[in-house]
Every structure is written in structure tokens, then in C-alpha cells.
């Protein structure tokens with residue numbers, strides 16, 4: 003069959019299969035690691051006096067946990083934001099030097115591994131704190147944690163009125179060091195007055211704690227908070243979506259963020275269908291005229307959302323927008339290529355990329371860009 007070489011000029015990705023007789027993928031993801039690094043620099047420009055915790059949970063939002071972490075590891079960041087001990091473990095095994103920060107509450111079964119590896123995490127209750135204190139004492143360690151404060155998200159953390167009663171018990175735990183305090187904006191991209199009030203509440207919480215703990219890190223802002231608000235008392239921020247080229251709200255940085263991911267597939271078949279012929283399950287689309295239909299090798303098993311069916315979505319083939327037809331199926335979709343002069347099996351199809359932004363896909367699918375990125379499935383190879 004000869005040596006297969008897959009190359010994407012826009013992203014500079016070149017991948018050669020390990021075996022010369024290995025077939026090319028039907029669909030794949032190109033990831034531009036330099037664009038992610040560029041977007042991290044934009045986050046620094048937005049908050050020049052603030053340390054950063056790039057959020058790379060959920061496989062770096064579908065871009066690939068280890069490759070993204072390795073690229074950013076030497077960029078002078080404070081932590082990598084992850085979701086659980088499993089993701090932290092993967093970073094450690096990949097040789098990543100930046101400490102992982104487990105953003106959500108931890109399960110009791112995870113905590114021994116967390117303490118042994120000196121990973122950082124939050125605590126939301128005195129019961130959690132006591133368990134970490136016991137484990138740290140068992141292994142003769144000093145363990146650093148961040149207090150989570152619930153200023154409105156309703157997901158984790160001490161409620162502000164509970165902080166006063168928690169101070170002395172926490173100070174009495176000799177192996178536990180409260181190294182930071184954090185919260186999270188639930189609606190920074192939607193509700194400015196609430197978010198401004200939340201900044202005030204977070205500031206009050208920090209001031210309550212500061213006389214008792216060193217609070218080396220104080221953080222509340224993710225991407226929307228970074229781009230839209232000033233939090234003078236904070237010295238750490240957690241950029242997530244903006245790292246991957248999407249601003250969650252309008253800002254002066256919209257024109258400088260670079261897209262980081264391209265989703266592509268290939269045409270597997272081109273057929274002429276007569277007028278009145280149904281396309282895909284349920285026959286929700288019926289051809290109105292003789293129609294040239296391309297079958298494309300991607301479906302909802304790859305993470306292409308089924309909810310985009312019938313919503314006016316498009317793909318991009320050989321320089322032309324091509325309307326999707328009918329429902330997304332598990333492994334294939336169909337598109338109208340009647341107006342495209344030359345389409346043949348093997349031709350590349352853009353589903354997300356320079357001509358079709360992920361925000362458009364999310365809008366057509368009735369969801370958000372986070373869902374599209376993180377939903378891209380494991381059978382899509384990532385090419386860097």
C-alpha cells in the first residue's frame with residue numbers, strides 16, 4: 003500500500019503510521035499546540051500581575067492531556083487544573099513537573115494517593131480536612147490545601163458564614179497548611195451585577211481568613227472572569243476555554259485568540275439520489291431535486307453531536323459549504339455536494355476549523371463549545 007503520510011498544512015501536523023500498511027483514519031483531530039501556548043500568553047496579557055493555572059481537565063478539553071501539559075510545562079505556571087486523582091496521576095507518569103491541582107471535591111479513596119504525591123486540592127468541610135490531617139500525620143508530611151468557599155456556585159466549599167467557626171479547628175491541624183482560598187463564578191458571562199457582588203463577597207472571605215493563614219494563592223476567575231472583571235484581591239486565575247481559542251464572552255481579546263483544534267473527516271462515497279428520496283434514519287430529510295450526496299466517515303460515536311441534525315449545519319469540502327442532510331448516524335453523516343464541481347471518495351471534509359468555528363457547531367447543536375470539545379471521542383486520533 004505504500005507509506006501513508008497525513009499532513010494538514012494549516013496546522014503543520016505530520017503523522018506517519020507505525021506500519022506502512024496501516025490505513026488512514028476516517029476522521030481525526032489536528033491540535034495546534036503553539037496556538038494553545040499563544041492563548042496562554044493572551045491570558046497573561048489580560049492579567050499581567052496574576053499567576054495562572056491552565057485548566058487541562060477532560061483531556062485538555064478534548065485536545066489531549068499529556069501533549070498539552072508537556073507543551074505548557076515550562077511556561078512558568080503555578081498549577082495544572084485537573085478534575086481528579088486519575089488525571090493528576092497521568093501528569094505525573096508523563097513526567098510533567100508542574101503540580102496538578104484537583105479542582106473538585108475529592109473522594110476519600112483518592113486522598114491517600116493525593117497526600118503521598120503532594121498534589122494540591124481543595125477542602126470544603128472540616129471532615130475532609132480531618133481526613134487529610136490524619137493521612138499527612140501518618141506519612142509524616144506537611145500537606146498544602148486550598149479552602150473552597152461557596153460564593154454562589156452551589157457546588158463545593160464552605161459557605162461564607164461557616165468560615166469563622168472553621169478557623170480554629172483548621173489551625174489546630176499541625177500537618178495541614180491552608181495555602182490558598184478559592185471560589186468560582188457561576189454566571190460571569192451572563193450576570194454582571196451578581197458577579198460584581200460575588201467579587202465583594204470573595205474579598206470579604208479572604209479578609210476573614212488572612213489574619214490566620216498565609217493564603218499564598220487567592221483565586222476565583224476562570225476564562226470569563228479573566229476577560230470581563232477585575233478581582234484586586236486575587237493573585238491566581240484559571241484559564242480554561244480561552245486556552246483553546248474561544249472567549250466565553252465578548253472582550254478586547256476576541257481577535258487575537260487563535261483556534262487550536264481542527265476536526266476533519268473524509269468522503270467515503272458519492273451517490274446521485276433522485277427527487278423524493280429519504281436521507282438517514284427517520285427520513286427527516288427528503289430530496290427536493292436530483293441530489294448528489296456525499297457520505298462522510300464520522301458520526302455521533304466520534305462525538306459529532308446528533309442534536310445538530312436538521313439544524314442547518316454545514317461541512318466544508320473542496321472550498322465549498324455543503325449542507326448536512328438528515329440525521330447524524332453512529333458512524334456516518336451525509337451532505338449535499340450537488341453544487342461542488344469535483345468531489346470523490348477520500349476528499350477531506352472540515353467539520354470544525356478555519357471555515358467552521360466550534361461556536362457555530364455548538365449553537366447549531368443547542369449546546370456550548372465546552373461540550374463539543376470534550377465530546378470528541380477516543381476513536382478520533384489526535385495529531386500534533
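In the numbering used here, the protein residues as written are 3 to 386.
All C-beta atoms in this analysis are idealised placements derived from N, C-alpha and C, irrespective of residue type, glycine included.
Nonlocal neighbours in the same chain, by C-beta distance under 7 Å from residue 14, ignoring five residues either side: Reading the chain shown from its first residue, position 12 is the one you call residue 14. Per-residue confidence for residue 14 stands at a pLDDT of 41, beneath the threshold of 50, marking its modelled position as unreliable; no derived number is given.
So for residue 14, helix, strand or coil by DSSP? In the chain shown, residue 14 corresponds to position 12, counting from 1. Because residue 14 carries a pLDDT of 41, less than 50, the predicted location of this residue cannot be relied on, and the following value inherits that uncertainty. Coil.
For residue 338, which of helix, strand or coil comes out of DSSP? Your numbering for residue 338 matches position 336 in the chain shown. DSSP places residue 338 within a strand segment (E or B) once states are collapsed to three.
Please classify residue 189: is it buried, with 16 or more other beta-carbons within 10 angstroms of its beta-carbon, or exposed? Here residue 189 corresponds to residue number 187 of the chain shown, with the count starting at 1. Result: exposed.
Buried or exposed for residue 186, please, with buried defined as at least 16 other CB atoms from any protein chain shown within 10 angstroms of its CB. Residue mapping note: residue 186 aligns to position 184 of the chain shown, counting from 1. Counting Cβ neighbours within 10 Å, residue 186 comes out buried, since at least 16 surround it.
For residue 295, which residues of its own chain have a beta-carbon under 6 Å away from its beta-carbon, when the five flanking residues on both sides are left out? Locating residue 295 in the chain shown gives position 293, where the first residue counts as 1. Answer for residue 295: 273, 275, 336, listed in chain order.
Beta-bridge partners of residue 123, as assigned by DSSP: Looking up residue 123 in the chain shown gives position 121. BP columns for residue 123 point to 104, 147.
Does the pairing of the stretch 194-205 with the stretch 245-252 give three or more beta-carbon distances under 8 Å? no
Endpoints, the beta strand (DSSP E) within which residue 219 is located: Within the chain shown, numbered from 1, the residue matching residue 219 stands at position 217. Its beta strand (DSSP E) spans residues 219-221.
Along the alpha helix (DSSP H) that carries residue 204, what are the first and last residues, could you check? Working through the chain shown from its first residue, we reach residue 204 at position 202. 194-211 is the span of the alpha helix (DSSP H), which, as asked, contains residue 204.
Would you list, in sequence order, the uninterrupted alpha helix (DSSP H) runs of no fewer than 4 residues that lie entirely inside the stretch 283-325? none
Could you give the DSSP three-state label for residue 266: helix, strand or coil? Against the chain shown, residue 266 aligns to sequence position 264. Strand, per DSSP.
Considering just the uninterrupted stretch of the alpha helix (DSSP H) at residue 70, what are its terminal residues? What you label residue 70 is simply residue 68 of the chain shown in a count that begins at 1. Element bounds for residue 70: 67-74.
Relative to the alpha-carbon of residue 112, which residue among 99, 93, 128, 133 has its alpha-carbon at the smallest distance? Mapped onto the chain shown, residue 112 falls at position 110. Residue 133 is the option with its Cα nearest to residue 112.
Hey, residue 119 and residue 143 are a contact pair by Cβ (cut 8 Å); roughly how many whole angstroms apart? Numbered from 1 along the chain shown, position 117 holds the residue referred to as residue 119. Numbered from 1 along the chain shown, position 141 holds the residue referred to as residue 143. Not quite, the Cβ-Cβ distance comes to about 10 Å (not below 8 Å), so this is no contact.
What alpha helix (DSSP H) runs, 4 residues minimum, are completely inside the stretch 341-367? Correct list: 360-367.
Since I believe residue 229 is in contact with residue 183 (beta carbons under 8 Å), could you give me their beta-carbon distance rounded to a whole number of angstroms? As a first step, residue 183 must be located in the chain shown, where it is residue number 181. As a first step, residue 229 must be located in the chain shown, where it is residue number 227. Not a contact, Cβ separation roughly 22 Å.
Secondary structure, beta strand (DSSP E): runs of 3+ residues fully inside the stretch 21-70: 29-33
Please say whether residue 266 and residue 352 have beta carbons closer to each other than 8 Å? Position 350 of the chain shown, counted from the start, is the residue given in the question as residue 352. Position 264 of the chain shown, counted from the start, is the residue given in the question as residue 266. Cβ distance < 8 Å, so residue 352 and residue 266 count as in contact.
Is the beta carbon of residue 231 less than 8 Å from the beta carbon of residue 239? Here the question's residue 231 lines up with position 229 in the chain shown. Here the question's residue 239 lines up with position 237 in the chain shown. No, the Cβ-Cβ distance between residue 231 and residue 239 is not below 8 Å.
With a Cβ-Cβ cutoff of 8 Å, do residue 121 and residue 383 count as a contact? For the purposes of this step, residue 121 is identified with residue 119 of the chain shown, where counting begins at 1. For the purposes of this step, residue 383 is identified with residue 381 of the chain shown, where counting begins at 1. For residue 121 and residue 383, no; Cβs fall outside 8 Å.
Can you check whether the CB of residue 85 is closer than 8 Å to the CB of residue 59? Position 57 of the chain shown, counted from the first residue, corresponds to residue 59. Position 83 of the chain shown, counted from the first residue, corresponds to residue 85. Yes.
Could you give the first and the last residue of the continuous beta strand (DSSP E) run that contains residue 83? Walking along the chain shown from the start, residue 83 turns up at place 81. First-last of the beta strand (DSSP E) with residue 83: 82-84.
What distance in whole Å lies between the Cβ atoms of residue 206 and residue 162, which are believed to be in contact at a cut-off of 8 Å? Within the chain shown, residue 162 is the residue found at index 160, counting from 1. Within the chain shown, residue 206 is the residue found at index 204, counting from 1. Here residue 162 really is in contact with residue 206; their C-beta atoms are around 7 Å apart, less than 8 Å.
Three-state secondary structure assigned by DSSP to residue 113: Here residue 113 refers to the residue found at position 111 when the chain shown is read from its first residue. Correct three-state label for residue 113: helix.
I need the DSSP call for residue 224, collapsed to helix, strand or coil. As a position in the chain shown, residue 224 is number 222, starting the count at 1. Coil.
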